[in-house]
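Protein chains in written order, with full-length UniProt numbering: chain A, 1 to 208; chain B, 1 to 208. The C-beta atom is built at its ideal place from N, Cα and C for all residues, glycine as well. A quick write-up on the structure given underneath.
There are 2 protein chains.
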Amino acid sequence: MPKYVDPEARRREVVDALFRVVVREGLQRASLRVVADEAGLNIGSLRHYFASQQDLMEFAMRSMLERVGGRLLRRVEEIGTLAEHPADEQRRLAADLLCELLPLDERRRAEVTVFIDFVTAARTNPALDGLAQEAAVGARSLVRRILARLDESGAVRPGLDLDQETERLAALVDGLGLGAALHPDVLAPETAASVLYAHLESLRPPAA
Amino acid sequence: MPKYVDPEARRREVVDALFRVVVREGLQRASLRVVADEAGLNIGSLRHYFASQQDLMEFAMRSMLERVGGRLLRRVEEIGTLAEHPADEQRRLAADLLCELLPLDERRRAEVTVFIDFVTAARTNPALDGLAQEAAVGARSLVRRILARLDESGAVRPGLDLDQETERLAALVDGLGLGAALHPDVLAPETAASVLYAHLESLRPPAA
DNA sequence: CACGTTGTATCACGCTTGTGATAGAAACCA
DNA sequence: TGGTTTCTATCACAAGCGTGATACAACGTG
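Structure follows, in structure tokens:
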């Protein structure tokens with residue numbers, strides 16, 4: 001009982017293929033023909049689902065951001081109200097959450113890698129620039145919310161400049177992700193994670 | 001009295017042209033023809049100074065790293081023995097130095113931008129990978145040396161894990177540079193600098 | 001059955017790419 | 001001056017690119 005192909009599923013397959021190509025050979029090698037091959041599709045079929053190359057790129061980047069963003073938001077949900085946990089655990093949970101943005105396994109490594117390529121490409125590609133901007137704002141908003149919760153429940157030193165700390169933490173995560181993704185030999189992913197945990201520990205209130 | 005062209009100067013001109021193209025349109029658009037045009041040269045002339053495209057890319061990346069690295073080392077020299085200054089100023093000088101890696105003016109913005117493009121390209125370009133590795137190691141070595149000096153002269157809290165703090169500071173600078181270069185509207189370069197200064201202040205010894 | 005939609009597959013076109021080959025001008029040296 | 005090296009300029013080629021056009025099978029629907 002054959003049916004029409006689910007176009008949404010097809011698009012997802014194509015995007016997955018594109019991600020594999022990007023991880024393996026970089027965004028600049030992700031031409032329509034190469035992506036089509038990787039997806040086991042004819043270029044004509046691929047073009048039936050994506051009107052143009054720009055269209056594919058834009059859709060792929062949006063998909064990536066939605067996946068990562070969705071995962072993060074879901075994890076925020078799971079944690080729920082941080083205030084129910086002891087302060088040590090609150091900071092640990094916050095770090096766990098942000099570890100989603102570090103290349104600690106194959107999945108996350110792929111996501112970080114693809115993210116880097118798209119974000120840098122967005123600088124000179126107007127079609128992607130809006131999404132990159134969105135991602136930057138969204139990431140800061142998430143970090144800010146985490147810090148605010150920690151602050152409200154007394155899991156971090158009082159009187160912190162949350163705006164400043166948001167930028168510091170966001171930049172730290174970006175830098176750790178970048179370093180661990182591009183130079184795992186120089187910065188081991190586990191080291192990156194431990195630095196992140198230590199950073200959050202450095203925000204804890206004084207012992208007395 | 002015409003003389004033979006200084007090939008070294010010519011190569012430098014070509015590399016400068018390449019940098020301009022990369023800043024303006026991205027590394028991906030920096031083809032031999034485009035770079036030659038930007039340099040006001042014929043592609044044939046360009047190829048007289050660079051055997052191949054890979055050769056040009058490699059030479060350009062090495063040039064960039066030497067420029068930035070040289071500037072940093074020179075500034076370390078200028079500062080000399082940090083221990084001669086009061087602790088507050090030592091930390092400020094350290095931050096000043098690292099600000100060389102933030103896009104605080106056109107020159108630094110160009111350098112950071114080109115750096116990002118080359119380092120990400122290096123991931124899938126074996127010819128550039130060694131240089132990128134070198135840069136990553138060198139940056140950490142520099143940061144480590146700065147922190148060690150601050151530590152020796154008591155300008156930072158005693159008992160710090162210098163390895164950990166090196167990675168934290170290096171990642172922070174990377175993240176701030178990346179954010180401010182790619183999304184200056186979201187992260188103003190001056191904000192990035194102030195975050196960097198604040199970070200070093202957070203390492204100061206307790207008041208008592 | 002017939003008809004419109006959806007999906008797959010190919011061809012051709014114009015363009016850009018890196019590169020090999022070549023020719024000739026310009027500069028230097030003997 | 002003649003000869004060698006340095007430099008500029010151009011052509012041709014194969015390869016890859018995005019894309020428009022088209023043909024045809026597969027499918028769902030009336």
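Proximity winner among the options, relative to residue i (alpha-carbon distances)
i: residue 147 of chain B; options: B/162, B/138, B/158, B/135; result: B/162
i: residue 102 of chain B; options: B/3, B/68, B/176; result: B/176
i: residue 154 of chain A; options: A/19, A/9, A/84; result: A/84
i: residue 206 of chain A; options: A/88, A/9, A/37; result: A/88
i: residue 209 of chain B; options: B/32, B/158, B/54; result: The requested residue 209 of chain B does not occur in the structure, where chain B is confined to residues 1 to 208.
i: residue 64 of chain B; options: B/132, B/126, B/144; result: B/132
i: residue 126 of chain B; options: A/25, A/8, A/6, A/20; result: A/25
i: residue 156 of chain B; options: B/71, B/55, B/68, B/198; result: B/198
i: residue 187 of chain B; options: A/173, A/167, A/186; result: A/167
i: residue 203 of chain A; options: A/61, A/158, A/184; result: A/158
i: residue 169 of chain A; options: A/152, A/144, A/185; result: A/144
i: residue 71 of chain A; options: A/174, A/160, A/142, A/151; result: A/142
i: residue 106 of chain B; options: B/29, B/184, B/78; result: B/184
i: residue 30 of chain A; options: A/9, A/5, A/51, A/56; result: A/56
Interface flag, residue i vs chain A, CB-CB below 8 Å
i: residue 249 of chain B; result: With chain B running from 1 to 208 in the structure shown, residue 249 of chain B is simply not present.
i: residue 168 of chain B; result: yes
i: residue 136 of chain B; result: yes
i: residue 91 of chain B; result: no
i: residue 25 of chain B; result: yes
i: residue 34 of chain B; result: no
i: residue 221 of chain B; result: The structure shown has nothing for residue 221 of chain B, since chain B only spans 1 to 208.
i: residue 116 of chain B; result: yes
i: residue 195 of chain B; result: yes
i: residue 20 of chain B; result: no
i: residue 182 of chain B; result: yes
i: residue 179 of chain B; result: yes
i: residue 140 of chain B; result: yes
Nonlocal neighbours in the same chain, by C-beta distance under 6 Å from residue i, ignoring five residues either side
i: residue 165 of chain B; result: 147
i: residue 11 of chain B; result: 49
i: residue 108 of chain B; result: none
i: residue 112 of chain B; result: 103, 177, 181
i: residue 119 of chain B; result: 132
i: residue 117 of chain A; result: 22, 27
i: residue 91 of chain A; result: 155, 200
i: residue 60 of chain B; result: 15, 18
i: residue 36 of chain B; result: 43, 46
Same chain, Cβ closer than 7 Å to residue i, neighbours up to 5 away in sequence not counted
i: residue 129 of chain A; result: 122
i: residue 75 of chain B; result: 97, 100
i: residue 114 of chain B; result: 19, 22, 23, 64
i: residue 53 of chain B; result: 32
i: residue 7 of chain B; result: 49
i: residue 34 of chain B; result: 21
i: residue 69 of chain A; result: 138
Test: residue i CB closer than 8 Å to a CB of chain B
i: residue 199 of chain A; result: yes
i: residue 81 of chain A; result: no
i: residue 54 of chain A; result: no
i: residue 48 of chain A; result: no
i: residue 225 of chain A; result: There is no way to answer for residue 225 of chain A, as the model of chain A reaches only from 1 to 208.
i: residue 130 of chain A; result: no
i: residue 107 of chain A; result: no
i: residue 85 of chain A; result: no
i: residue 174 of chain A; result: yes
i: residue 10 of chain A; result: no
i: residue 123 of chain A; result: yes
Sequence-distant residues of the same chain with beta carbon closer than 8 Å to residue i, five excluded per side
i: residue 124 of chain B; result: none
i: residue 67 of chain A; result: 111
i: residue 58 of chain B; result: 127, 128, 131
i: residue 172 of chain A; result: 195, 196, 199
i: residue 62 of chain B; result: 131
i: residue 160 of chain B; result: 147, 151, 203
Distance cut-off 7 Å: residue i Cβ against heavy atoms of the ligand GTP
i: residue 3 of chain B; result: With respect to small molecules bound, the structure shown includes none, and the ligand GTP cannot be examined in it.
Counting beta carbon pairs with one atom in the segment 180 to 197 of chain A and one in the segment 87 to 107 of chain A, are three or more of them shorter than 8 Å?
yes
With a cut-off of 8 Å, do at least 3 Cβ pairs link the segment 31 to 42 of chain A to the segment 127 to 138 of chain A?
no
Tell me the start and end of each unbroken alpha helix (DSSP H) in the segment 81 to 155 of chain B that is at least 4 residues and wholly inside, in chain order.
87 to 98, 106 to 122, 126 to 152
Stretch-stretch touch, CB-based, cutoff 8 Å, three pairs: the segment 15 to 31 of chain B with the segment 180 to 191 of chain A
no
Write down every uninterrupted run of the alpha helix (DSSP H) in the segment 27 to 61 of chain A whose length is 4 residues or greater and which is fully enclosed by it, in chain order.
32 to 38, 43 to 49
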